[in-house]
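S.K.: Residue numbers (our numbering), protein chains in the order written: chain Z, 561 to 808; chain G, 193 to 441.
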Amino acid sequence: MIIDANTSLGESLYGPKATAEQLLHRMETLRIDRSIVSSFTPRDLDLRRANHAISETVAKDRRLIGFARIDPRLGSKSVAELEACQREGLRGVKVDPFEQAFVINSDLVFDFFKACAAADLPVLIEAGYPCLSSPIQIGDLAERIPELTIIMAHGGQLAMHGLGIFDCLLVIKASTRVYVETSGIPETGTEGLIERSVLEVSSDRVIFGSNSPVNDPAMELERIRVSRIPEGAKTQIMGASLAAILRL
Amino acid sequence: MIIDAHAHCDVRFGWIHTPEVLFGIMEEGGIDKACITGLADIPGDDDQAYPRFVAALRTDPDRIVAGYLRINPWYGNRARELFIRSVREDGIRGLKLHPTTIILPPHAPAVIEFVRLAGELGVPVLFHSGDEPNALPLQIGKCAEACPDTAIIMGHMGGTFFWEDALRVAQKYSNIYLEPSGNPLPDIIQKAVAAVGAQRVVFGTDMPAIHPKVERYKLDHAGLTPEQRELICWRNIARLMGLKLDTNR
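1) Taking a contact to mean a Cβ-Cβ separation below 7 Å, would you say Met193/G touches Gly749/Z in this structure?
2) On a Cα-Cα basis, can you pick out the residue from Glu686/Z, Ile767/Z, Asp671/Z and Arg623/Z that is closest to Arg591/Z?
3) Helix, strand or coil, according to DSSP, for Ala258/G in the structure here?
4) Give me the Cα-Cα distance between Lys436/G and Gly283/G, rounded to the nearest whole angstrom.
5) State the Cα-Cα distance for the pair Phe215/G and Lys577/Z, rounded to the nearest angstrom.
6) Is it the case that the Cβ atoms of Ile234/G and Ala241/G are separated by a distance below 7 Å?
7) In the DSSP assignment, find the beta strand (DSSP E) that holds Arg594/Z and state where it starts and stops.
8) Which runs of the beta strand (DSSP E) spanning at least 3 residues fall entirely within the region 356-439 of chain G, listed in chain order?
9) Does any CB atom of chain Z fall closer than 7 Å to the CB of Gly374/G?
10) Count Cβ pairs between the region 337-349 of chain G and the region 313-327 of chain G that sit closer than 8 Å; are there 3 or more?
11) Rounding to the nearest angstrom, what Cα-Cα distance links Gln382/G and Arg408/G in this structure?
12) Looking at the C-beta of Ile345/G, does it have a partner C-beta in chain Z at a distance below 7 Å?
13) Just reading off the beta strand (DSSP E) that Gly626/Z is part of, what are its end residues?
14) In the DSSP output, which residue or residues are listed as bridge partners for Tyr739/Z?
15) Of the residues Pro695/Z, Ser772/Z, Asn771/Z and Pro777/Z, which one's Cα is nearest the Cα of Val738/Z?
16) Roughly how many angstroms lie between the CA atoms of Pro632/Z and Lys654/Z, to the nearest whole one?
17) Check whether the Cβ of Val394/G lies closer than 7 Å to any Cβ atom in chain Z.
18) Using a Cβ cut-off of 7 Å (strictly closer), state whether Ala226/G contacts chain Z.
19) For Asp323/G and chain C, any beta-carbon pair shorter than 7 Å?
20) Would DSSP call Asn566/Z helix, strand or coil?
21) Quick one, are the C-beta atoms of Met712/Z and Pro746/Z less than 7 Å apart?
22) Does any C-beta atom of chain G lie closer than 7 Å to the C-beta of Asp727/Z?
23) Are there three or more Cβ pairs, one per stretch, closer than 8 Å when the region 726-735 of chain Z is compared with the region 690-706 of chain Z?
24) In whole angstroms, what is the alpha-carbon distance linking Glu422/G and Arg807/Z?
25) Buried or exposed: Thr342/G, going by 16 or more other Cβ atoms within 10 Å of its Cβ?
26) How big is the Cα-Cα spacing for Asn428/G and Arg785/Z?
27) What ranges does the beta strand (DSSP E) occupy inside the region 254-319 of chain G, keeping only unbroken runs of at least 3 residues that lie completely in it?
28) CB Pro298/G to CB Ile332/G, shorter than 7 Å?
29) Per the DSSP calculation, Arg204/G is bridged to which residue(s)?
30) Just the C-alpha distance for Glu281/G and Val246/G, rounded to the nearest angstrom, thanks.
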């Protein structure tokens, strides 16, 4: 089973857009069985409306699993939105520290992530923004909320200079509930992050994601296929790791 | 034919990028020939880095067709003399500058001196560019402005966050060539071609750290005409490097 951990729907304030129909068509073409979907930051900035639309979309097709997009800076309002999304059947949270302008391990957002942990909802973090969500900052958050499940999008390599690999490995070795999501990770050849995460930590800590539609899921699947890791590890990455987290 | 304009061949920092490793990954990725650089800035802490690089370059001249010497400008005259000798006597055809590891911005006087020297010697400069301080396309643009007679290849063309700067800088300075390895956007090659034309885009992978199959995906889905593809895949880099190739094979 192939599960894509990171796709977005709707029309982004920043340009990209995608419909559920387009995503499902691409999934069928590439034999992706299920996808986590969340909203882009919408052009009207109304995340409540966007989250409700995601809940309606996933209710129509069980191949899609909904995550909420929440601005964690708003204190009790953020937590209230989290609870509303959970009531509507969303299974996790995606946050983007650049689009909502916050530092991932700051006190400003700490209580929100505590609430995510208490609600047993995993958090997918757009990771690798310098100053906002570098792997070492995510590691600090994980250390302070050890019961929080964190999926580190792009393995924290959103800034693709490669210098974040060491921090990423350090973090996933130290925190057993931090996972590496693979979209856009450039180092796919020898001694790259995917290979080292599997060999030095475990394949069940690495999760396939495409970052569709910004990235191309066919190209993102290729990153896993060319990695120099055992075939069993690839199967684990393609779906089993995430299925275990979400208890699918 | 595909010539990879940005490959690595060296053993350092725990990376084992020997010629054999490189040839294996070239075969997997359908890469015919490669222009290599090392992993050590020379001169530096590793006295064997230069002979190791020259030896790698001579392993199989049909597949490793050219090399950029990775120079550390902090070493002044020693670096200058080595670079000149490498081009005149040892067949080196390019200069590699990695602003992050040499801890100098591309527009620093010490860097500009070497970029100008490369132009005088008739060889291109491959800059690492990307998301970290000292490696920004706008900084490389200032260097290009100061060195109009030197061909500058902008490796990674600004990384994830700065590719728009890379396009604008390349539009402004005609001595800049764009190399898109590592950038996660599937249409980055189309963007580069639309901005500056296929004559100033070169295909590179940064292998073996980056697998060429992933980079090939971007190339193979770029919707290039056969003429554009030839330019990007080998004609441009062959011209920049002064390579004489048997194109009938």
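Quick reminder that beta carbons are idealized off the backbone N, C-alpha and C, glycines included.
M.R.: From the atom records:
1) Gly749/Z sits away from Met193/G, with the two beta carbons spaced by 7 Å or more.
2) Measuring from the Cα of Arg591/Z, the nearest candidate turns out to be Arg623/Z.
3) Ala258/G falls in the strand class under three-state DSSP.
4) Going from the Cα of Lys436/G to the Cα of Gly283/G covers about 13 Å.
5) Phe215/G and Lys577/Z have their C-alpha atoms spaced approximately 40 Å apart.
6) Between Ile234/G and Ala241/G, the CB-CB gap stays under 7 Å.
7) That run of the beta strand (DSSP E) goes Arg594 to Ser599.
8) Listed in chain order, the complete beta strand (DSSP E) runs (minimum 3 residues) inside the region 356-439 of chain G are 368-371.
9) At a cut-off of 7 Å between C-beta atoms, Gly374/G counts as an interface residue with respect to chain Z.
10) Contact between the region 337-349 of chain G and the region 313-327 of chain G is present, because at least three Cβ pairs lie under 8 Å.
11) Spanning the two alpha carbons is a distance of roughly 13 Å.
12) Using beta-carbon distances, Ile345/G does not count as an interface residue toward chain Z, since no partner is under 7 Å.
13) Leu624 to Arg629 is the extent of the beta strand (DSSP E) around Gly626/Z.
14) Under DSSP, Tyr739/Z forms a beta bridge with Ile711/Z.
15) Val738/Z has its Cα closest to that of Pro695/Z, out of Pro695/Z, Ser772/Z, Asn771/Z and Pro777/Z.
16) Between Pro632/Z and Lys654/Z, the C-alpha separation is close to 10 Å.
17) Chain Z, which has no Cβ nearer than 7 Å to the Cβ of Val394/G, makes this no.
18) Put simply, the CB of Ala226/G is far from chain Z, with every gap to its CB atoms at 7 Å or more.
19) Given the protein chain composition of this structure (Z and G), no chain C is represented.
20) Residue state for Asn566/Z is assigned as strand, using DSSP reduced to three classes.
21) No, Cβ-Cβ distance for Met712/Z and Pro746/Z is not below 7 Å.
22) It does not: the Cβ of Asp727/Z has no partner Cβ on chain G nearer than 7 Å.
23) Verdict: yes, contact present.
24) Going by the C-alpha atoms only, they are around 50 Å apart.
25) By the 10 Å Cβ count, Thr342/G comes out buried.
26) If you take the alpha carbons of Asn428/G and Arg785/Z, they lie about 31 Å apart.
27) 256-262 and 286-289, all fully within the region 254-319 of chain G.
28) In this structure, Pro298/G places its C-beta atom within 7 Å of the C-beta atom of Ile332/G.
29) Paired residue(s): Trp207/G.
30) Their Cα atoms are separated by approximately 11 Å.
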